[in-house]
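So for the sequence shown, my numbering puts the first residue at 5; every next one is plus one.
Notes for the one structure printed next.
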Amino acid sequence: MNIDTKKIIADMITIEGESAQSIYDALGVPPDESMGDFALPCFPYAKKLRKSPVKIAEELQQALQSKLRPPVAKVQAVNGYLNFYVDRLYYAKDLLKSILALKSDYGNSDMGEGKTICIDYSSINIAKPFHIGHLCTTVIGGALYKVYKKLGYRVVGINHLGDWGTQFGKLIVAYKMWGNGKSLEEKGVSYLNSLYVKFHKEAEKDSSLDDKARFYFKKIEDGDKEALELFNLFKEITLKEVDKIYKRLNIEFDSYNGEAFYNDKMEPVLNELKEKNLLVESDGAKIVDLSEYGMPPCLLVKADGATLYATRDLAAAYYRKKTYDFYKCLYVVAYQQNLHFKQIFKVLELLGKDWGVYHIPFGMVSLEDGAMSTRKGKVVLLEDVLNKAVEKAHAIITEKNPDLEDKEKIAEQVGVGAVIFSTLYNNRIKDIVFSYDKVLSFEGETGPYVQYTNARCNSVLAKIGDQAVLNGDGGDYQGINNKEGLRVIALLEKFSQTLMETAERYEPCYISRYLVELSQAFNRFYYEHRIIDAEEGVKKARAELVAAVHIVLEEGLRLLGISAPKQM
Ligand code: ARG
């Protein structure tokens with residue numbers, strides 16, 4: 005409970021020579037509910053007060069009779085213990101009332117007011133297929149994005165595109181030699197990828213191709229019209245394709261400034277490093293020596309003058325700080341890049357930039373059949389995974405509910421939702437082995453289970469008729485004063501705290517786990533207690549509980565980027 009009942013009780017009790025804090029600390033929870041919700045053992049005071057614990061408890065009970073106030077309903081002295089009984093419905097009514105009034109705004113906060121959080125996520129590579137390796141960063145970042153917004157922060161979602169590097173020179177050469185616009189139009193990124201593979205094969209036989217590639221990359225750098233046009237075309241094609249996936253995953257960005265964007269923004273960082281004597285020459289290259297910190301050097305300019313991924317990340321940090329004045333900048337990137345970020349952050353620290361930059365690492369996703377090893381060329385495309393999940397969801401729904409309307413749409417919501425939910429169900433850092441059957445099960449700890457519970461709430465409410473009466477006022481709340489009902493209430497109240505923890509620890513799994521818990525608790529209530537055909541007052545109170553669960557489940561799913569079908 006948000007309100008500290010224990011404190012209210014401690015403040016009521018006066019014992020000579022004891023502070024409210026020591027009484028607070030002494031208050032415990034009895035092992036058995038029949039002995040009350042809180043109990044104060046009076047034995048420790050016997051010696052000082054020179055009275056038996058039984059007598060102390062009885063006297064305290066006497067003195068407290070006139071002081072009791074809600075939610076404390078009753079106090080009883082039993083064998084040297086002072087037992088307190090709390091009116092558990094006291095808060096329940098208020099809670100329901102506020103959820104029903106706030107609706108999806110329930111859980112909103114202004115804790116982030118005036119603070120900006122940049123989240124660098126998804127950050128795909130141009131002309132490369134969107135494979136499941138980019139799934140985690142996309143959905144973890146997307147969930148954090150929504151959660152921080154709900155908590156009142158200004159959030160800037162950044163897709164730090166991988167759109168720079170010699171590979172674009174290669175791609176231009178390959179396209180000019182073997183490509184054509186029609187195939188590119190039709191096949192998109194997979195076509196670009198096959199041109200890229202072909203380039204590598206051919207370059208093994210003909211090394212002049214590599215020179216040509218360097219020549220074209222230089223042309224991009226110099227802003228040559230033809231080279232830039234092709235490069236931009238590749239970029240456009242890639243973005244158009246991934247945008248379809250982002251839509252399916254409910255993902256949005258405020259900026260697509262990627263590596264290329266920082267091409268003309270690296271000078272200030274390099275200059276500052278030079279001024280502060282942090283930039284060291286090493287075999288013609290420019291590095292920041294990090295040996296003192298047990299790390300390899302951070303390479304920033306190669307001997308041939310080329311800059312690197314790290315150089316652009318430093319420039320990006322400068323730019324973001326200047327543009328957004330962020331309070332935190334989060335980089336949601338796989339743990340394989342741990343060292344990269346440790347280096348970048350160390351360099352920023354050496355520059356005296358105490359900026360609140362955080363690497364949010366996560367593990368790998370692989371499929372049950374062992375696919376995913378890029379080395380064998382077996383890349384698993386995210387689109388294929390989503391499509392297969394939707395197809396399977398369609399089959400399950402058709403079997404369970406053959407007459408369901410709008411089956412295509414619901415299968416899309418369930419299939420995609422299942423993939424997202426399973427990706428967000430474990431602590432980030434764990435590797436995930438993905439199984440279609442497991443993530444699509446309607447009974448396990450899955451997205452479909454939560455969606456199904458939510459649809460169940462919806463169907464109960466549809467039978468209630470006029471839902472305007474569900475306002476947390478005037479029902480018979482004894483109808484929810486039972487183990488199952490109170491458990492649901494306790495969980496509903498935990499929603500805000502869950503959001504805070506998610507934000508604090510950068511762990512969307514707190515939300516997904518919470519949603520499963522709430523669904524399980526609700527389903528227990530649903531099986532144990534009649535709702536629709538209960539007596540009017542009880543029916544109203546129970547329906548309010550259902551409506552509140554419905555609001556919180558839907559909002560929780562939304563935060564994870566998952567749609568909530570009304571029926572399944
Ligand atoms: N494009 C990179 C990759 O796919 C991720 C970029 C992450 N963001 C960053 N600022 N370095 O590995």
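For glycine and all other residues, C-beta sits at the position ideal for the given N, C-alpha and C.
In the assembly as shown, Gly-185 is an exposed residue. Its beta-carbon has fewer than 16 other beta-carbons within 10 Å. A straight-line Cα-Cα distance of about 9 Å links Phe-235 and Gly-173. With contact defined as three or more Cβ pairs closer than 8 Å, the segment 262 to 275 and the segment 312 to 322 are in contact. Judged by their CB atoms, Ser-370 and Phe-425 are not nearer to each other than the 8 Å cut-off.
Positions of the alpha helix (DSSP H) runs, each at least 4 residues long and wholly inside the segment 149 to 237, are given as 171 to 182, 185 to 191, 193 to 209 and 212 to 225 in order along the chain.
The DSSP-derived three-state label of Val-76 is strand. The nearest non-hydrogen atom of the ligand ARG is 7 Å or more from the C-beta of Tyr-220. At a threshold of 7 Å, Tyr-335 counts as near the ligand ARG, since its beta carbon sits closer than that to one of the ligand's heavy atoms. Rounded to whole angstroms, the separation of the alpha carbons of Ile-144 and Gln-171 is 28 Å. Here DSSP, grouped into helix, strand and coil, assigns Ala-131 to coil. Spanning the alpha carbons of Leu-522 and Ile-60 requires a straight line of approximately 42 Å. Distances from the CA of Val-246 to each of Leu-386, Asp-480 and Leu-519 were compared; the closest alpha carbon is that of Leu-386.
For Gly-541, the shortest separation between its Cβ and any heavy atom of the ligand ARG does not lie below 7 Å. Residue environment for Asn-254: buried (at least 16 other C-beta atoms within 10 angstroms of its C-beta). Inclusion of His-164 in the 7 Å shell around the ligand ARG follows from its C-beta lying nearer than that to a non-hydrogen atom of the ligand.
At a threshold of 7 Å, Asn-129 counts as near the ligand ARG, since its beta carbon sits closer than that to one of the ligand's heavy atoms. Taken atom to atom, the span from the alpha-carbon of Asp-293 to that of Leu-304 is near 11 Å. Distance from Leu-495 to Ala-525 at the Cβ level is roughly 5 Å; contact confirmed, criterion being Cβ atoms closer than 8 Å. Relative to the non-hydrogen atoms of the ligand ARG, the Cβ of Asp-258 never comes closer than 7 Å to any of them.
In this structure, Asn-129 places its C-beta atom within 8 Å of the C-beta atom of Gly-166.
Phe-529 sits in a helix when the DSSP states are folded into three classes. Here Thr-427 is buried, its C-beta having at least 16 other C-beta atoms within 10 Å.
Residue pairing by DSSP places Asp-124 opposite Ile-162 and Tyr-335 in a beta bridge. In terms of side-chain proximity, the C-beta atom of Asp-358 is found no nearer than 7 Å to any non-hydrogen atom of the ligand ARG. Within the segment 478 to 511, no complete beta strand (DSSP E) segment of 3 residues or longer occurs. Within the DSSP secondary-structure output, His-363 pairs in a beta bridge with Tyr-335. Glu-416 is classed as buried because its beta carbon has at least 16 other beta carbons within 10 Å across all chains shown. Thr-311 sits in a strand when the DSSP states are folded into three classes.
Runs of the alpha helix (DSSP H) lying entirely within the segment 404 to 457 and spanning at least 4 residues, in chain order: 411 to 427 and 440 to 444. Rounded to the nearest whole angstrom, the CA to CA distance from Ala-472 to Leu-352 is 56 Å. In terms of side-chain proximity, the C-beta atom of Ala-538 is found no nearer than 7 Å to any non-hydrogen atom of the ligand ARG. Under the DSSP assignment, Glu-276 falls outside any beta strand (DSSP E), being part of the alpha helix (DSSP H) whose first and last residues are 271 to 279. At least one heavy atom of the ligand ARG sits closer than 7 Å to the Cβ of Ala-320. Between Asn-458 and Leu-557, the C-beta spacing is below 8 Å. Taking the CA atoms as reference points, Tyr-110 sits about 49 Å from Asn-275.
Look at the beta carbons and you see the segment 110 to 122 touching the segment 491 to 508: at least three pairs across the two are nearer than 8 Å.
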